[in-house]
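Take a look at the structure below.
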Amino acid sequence: MVVLAITALVTFLGLPLSKVVGYYDIEPITSSIHYGLDLTGGVYVVLEAAEEDMATGDAVERSITIIRERIDSLGVKEPTITKQGSNRIRISIPDIANQEEALDIIGRTAQLTFLAPDRSVILTGKDVVDAKGVYQQTSAGVNQPVVSLSFSPEGTKLFAEATQKYYGKIIAINLDGKDISTPKVNAVITNGQAVIEGMASLEEASKIAMLIKGGALPVTLTPVEIRTIGPTLGQNAFSSSMFAAGIGIILIFIFMIVLYKVPGFVSCLGLIIYTLITLFILAAMKVTLTLPGIAGIILSIGMAVDANVIIFERIREEIMLGKSILLSIKIGFQRAMTTILDSNITTMIAGMVLFVVGTGTVKGFALTLMIGIVVSMFTAVLVTRQLLKLVYSTGVLATPKYYGAKETKA
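Residues 42 to 451 in our numbering are what the sequence shown lists, from first letter to last.
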């Protein structure tokens with residue numbers, strides 16, 4: 042029991058060993074679980090591709106790849122990017138500080154073109170092999186932010202020809218239909234390098250460089266749904282749900298111990314083990330935990346308690362019929378098994394249906410519910426039985442009154 046209590050505390054609270062041994066900490070298991078937007082805040086957006094842009098079947102898939110690279114450049118942890126239907130992309134970005142920047146980066150087509158004076162296309166972003174935001178010193182000795190571009194061999198050749206042809210004229214640098222720089226050609230450039238001036242800051246230059254380097258989206262994407270959740274709101278929702286769950290579990294513990302005595306206490310230990318196993322599974326499977334997911338876990342806890350109630354009532358009935366406690370435990374589990382299996386299997390089937398046909402948070406609810414059912418079956422049937430036998434074998438609590446039944450008189 043002491044080992045279980047220590048394990049639970051270390052799992053939930055962690056252990057700062059670095060303060061003792063200097064190099065290692067045990068992080069709480071909750072830090073390894075990924076949380077959804079409703080718990081951490083973030084951005085949820087659904088983008089739709091225009092039908093006329095869907096000439097190639099893999100346009101949406103290529104767009105997803107490009108968007109993922111853009112979001113990864115922001116240093117976002119575990120974004121969710123999935124295809125919805127045939128022409129929509131659903132994106133969830135949890136725990137991001139600058140939500141407006143994320144929305145701008147996600148939706149930008151980033152179509153880069155170099156235009157001749159007659160607006161004909163000289164080069165495109167496909168001819169760029171590298172782009173980065175840097176400071177460049179002007180003739181006046183002032184550092185200004187620019188986007189530094191490096192062309193491919195073919196792009197280098199085309200750019201050299203263009204700067205020779207349009208010497209003394211303007212070559213416009215256009216991004217998404219807007220001229221962002223209109224430099225005048227003062228020399229023939231053959232080294233495959235160019236810069237985009239007119240950047241307001243190094244951050245802007247770096248962002249545009251990232252978009253150019255990542256490549257243009259193959260289709261025009263229009264946001265059809267945007268939701269932003271502030272981190273404070275998400276944290277409040279998480280705190281409230283955890284508080285409510287904690288109060289509920291404490292009340293369950295009190296109810297089970299008062300009504301069933303030793304079996305009730307054992308069921309509380311089983312629920313602690315259930316919680317530990319469930320958290321480890323969520324962390325190992327990298328499940329994104331949301332409020333509906335927490336609801337699924339709490340529902341499965343309720344089913345575990347329900348299973349224990351059925352078992353303990355059977356045990357109490359057998360004891361009151363005059364059978365020994367050990368035999369009553371064996372018969373109680375056997376007779377309760379059919380009812381428990383029926384209820385859990387029907388709930389598991391419902392969870393599978395929700396997971397297959399549902400979307401978003403419905404899938405999260407269904408997944409945590411199914412995980413919870415499997416774990417609760419294990420703890421309620423196997424763990425609780427072994428713990429009961431272990432407690433009985435000590436001989437200290439081997440009288441009917443400790444099992445919620447009145448002692449029968451001989």
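No residue lacks a Cβ here, since even glycine has one placed at the ideal position from N, Cα and C.
Between Asn215 and Gly83, what straight-line distance do the alpha-carbon atoms span, to the nearest angstrom? For the purposes of this step, residue 215 is taken as residue 174 along the sequence shown, with counting starting at 1. For the purposes of this step, residue 83 is taken as residue 42 along the sequence shown, with counting starting at 1. Here the alpha carbons of Gly83 and Asn215 stand approximately 31 Å from one another.
Using the C-alpha atoms, what's the distance from Ser308 back to Gln427? In the sequence shown, the residue the question calls residue 427 occupies position 386. In the sequence shown, the residue the question calls residue 308 occupies position 267. Gln427 and Ser308: Cα-Cα distance of roughly 11 Å.
Where in the segment 322-404 do unbroken runs of the beta strand (DSSP E), each at least 3 residues long, occur, reported from the N-terminal end onward? Here no run is fully enclosed.
Would a C-beta distance cut-off of 8 Å place Glu238 and Gln185 closer than the cut-off? Taking the sequence shown and counting its residues from 1, the one referred to as residue 238 is at position 197. Taking the sequence shown and counting its residues from 1, the one referred to as residue 185 is at position 144. Yes, the pair counts as a contact, with Cβ atoms nearer than the cut-off.
How do the segment 357-367 and the segment 308-326 stand: do at least 3 beta-carbon pairs fall below 8 Å, yes or no? Taking a cut-off of 8 Å for Cβ pairs, the segment 357-367 and the segment 308-326 do not touch, as fewer than three such pairs fall below it.
Beta carbon of Leu292, beta carbon of Arg149: below 8 Å? Translated into the one-based positions of the sequence shown, residue 292 becomes position 251. Translated into the one-based positions of the sequence shown, residue 149 becomes position 108. At the C-beta level, Leu292 and Arg149 stay beyond 8 Å of one another.
Which same chain residues, not among the five before or five after Tyr207, have their C-beta less than 8 Å away from its C-beta? As a working mapping, residue 207 is identified with position 166 in the sequence shown. Residues of the same chain with a CB within less than 8 Å of the CB of Tyr207, apart from the 5 flanking positions on each side, are Ala157, Pro158, Val226 in chain order.
Reducing DSSP to helix, strand and coil, say where Arg426 ends up. Along the sequence shown, one-based indexing puts residue 426 at 385. Arg426: helix per DSSP, three-state reduction.
Span separating the alpha-carbon of Asn232 from that of Asp220: One-based indexing of the sequence shown puts residue 232 at position 191. One-based indexing of the sequence shown puts residue 220 at position 179. So the alpha carbons of these two residues sit roughly 24 Å apart.
To test your reading of the DSSP string, which unbroken alpha helix (DSSP H) runs of 4 or more residues are found completely within the segment 189-214? Runs of the alpha helix (DSSP H) inside the segment 189-214: 194-206.
For the alpha helix (DSSP H) containing Gly255, list its first residue and its last residue. Locating residue 255 in the sequence shown gives position 214, counting from the first residue. From DSSP, the alpha helix (DSSP H) with Gly255 extends over 243-255.
Can you tell me whether Arg111 is buried or exposed? The criterion is at least 16 other CB atoms within 10 Å of its CB, across all chains shown. As a position in the sequence shown, residue 111 is number 70, starting the count at 1. By the neighbour-count criterion, in which 16 or more other beta carbons inside 10 Å mark a residue as buried, Arg111 falls on the buried side.
Would you mind reading off the limits of the alpha helix (DSSP H) that contains Val265? If you number the sequence shown from 1, residue 265 lands on position 224. No alpha helix (DSSP H) holds Val265; the beta strand (DSSP E) holding it covers 262-270.
Compare the C-alpha of Leu431 against each of Leu310, Ser247, Ala278 and name the closest. Locating residue 431 in the sequence shown gives position 390, where the first residue counts as 1. Per the Cα distances, Leu310.
Report yes if the C-beta distance between Pro120 and Thr81 is below 8 Å; otherwise report no. Taking the sequence shown and counting its residues from 1, the one referred to as residue 120 is at position 79. Taking the sequence shown and counting its residues from 1, the one referred to as residue 81 is at position 40. No.
Residue from Leu115, Ile137, Thr106 with nearest C-alpha to Ile122: Position 81 of the sequence shown, counted from the first residue, corresponds to residue 122. Answer by Cα proximity: Thr106.
Figure out for me which residue from Val188, Ser280, Gly182, Val101 has the closest Cα to the Cα of Ala241. Looking up residue 241 in the sequence shown gives position 200. The residue with the shortest Cα to Cα distance from Ala241 is Val188.
Whose C-alpha, out of Val236, Val416, Val350, Phe406, is nearest the C-alpha of Tyr301? Position 260 of the sequence shown, counted from the start, is the residue given in the question as residue 301. The option with the nearest alpha carbon to Tyr301 is Val350.
Look up Arg131 in the DSSP assignment and say whether it is helix, strand or coil. What you label residue 131 is simply residue 90 of the sequence shown in a count that begins at 1. Three-state DSSP puts Arg131 in a strand.
Mark Thr400 as exposed unless 16 or more other C-beta atoms lie within 10 angstroms of its C-beta, in which case mark it buried. Residue numbering aside, residue 400 sits at position 359 when the sequence shown is read from its first letter. Around the beta-carbon of Thr400, fewer than 16 other beta-carbon atoms lie within 10 Å, marking it exposed.
Less than 8 Å between the C-beta atoms of Leu340 and Leu410, yes or no? Start at 1 with the first residue of the sequence shown, and residue 340 comes out as number 299. Start at 1 with the first residue of the sequence shown, and residue 410 comes out as number 369. Yes, Cβ-Cβ distance for Leu340 and Leu410 is below 8 Å.
Quick check on this structure: which residue in Ala336, Asp217, Glu245 has the alpha carbon closest to the alpha carbon of Asp79? By 1-based counting over the sequence shown, the position of residue 79 is 38. Of the residues Ala336, Asp217, Glu245, the one whose Cα lies closest to the Cα of Asp79 is Ala336.
State the Cα-Cα distance for the pair Gly305 and Ser133, rounded to the nearest angstrom. On the sequence shown, position 264 is the one that residue 305 refers to. On the sequence shown, position 92 is the one that residue 133 refers to. Counting only the Cα atoms, Ser133 lies some 42 Å from Gly305.
Is the CB-CB distance between Ile230 and Phe200 below 8 Å? Here residue 230 refers to the residue found at position 189 of the sequence shown. Here residue 200 refers to the residue found at position 159 of the sequence shown. Against a cut-off of 8 Å, the Cβ pair of Phe200 and Ile230 comes out as a contact.
May I ask you to report which of helix, strand or coil DSSP gives Thr121? Residue mapping note: residue 121 aligns to position 80 of the sequence shown, counting from 1. DSSP places Thr121 in strand when its eight states are reduced to three.
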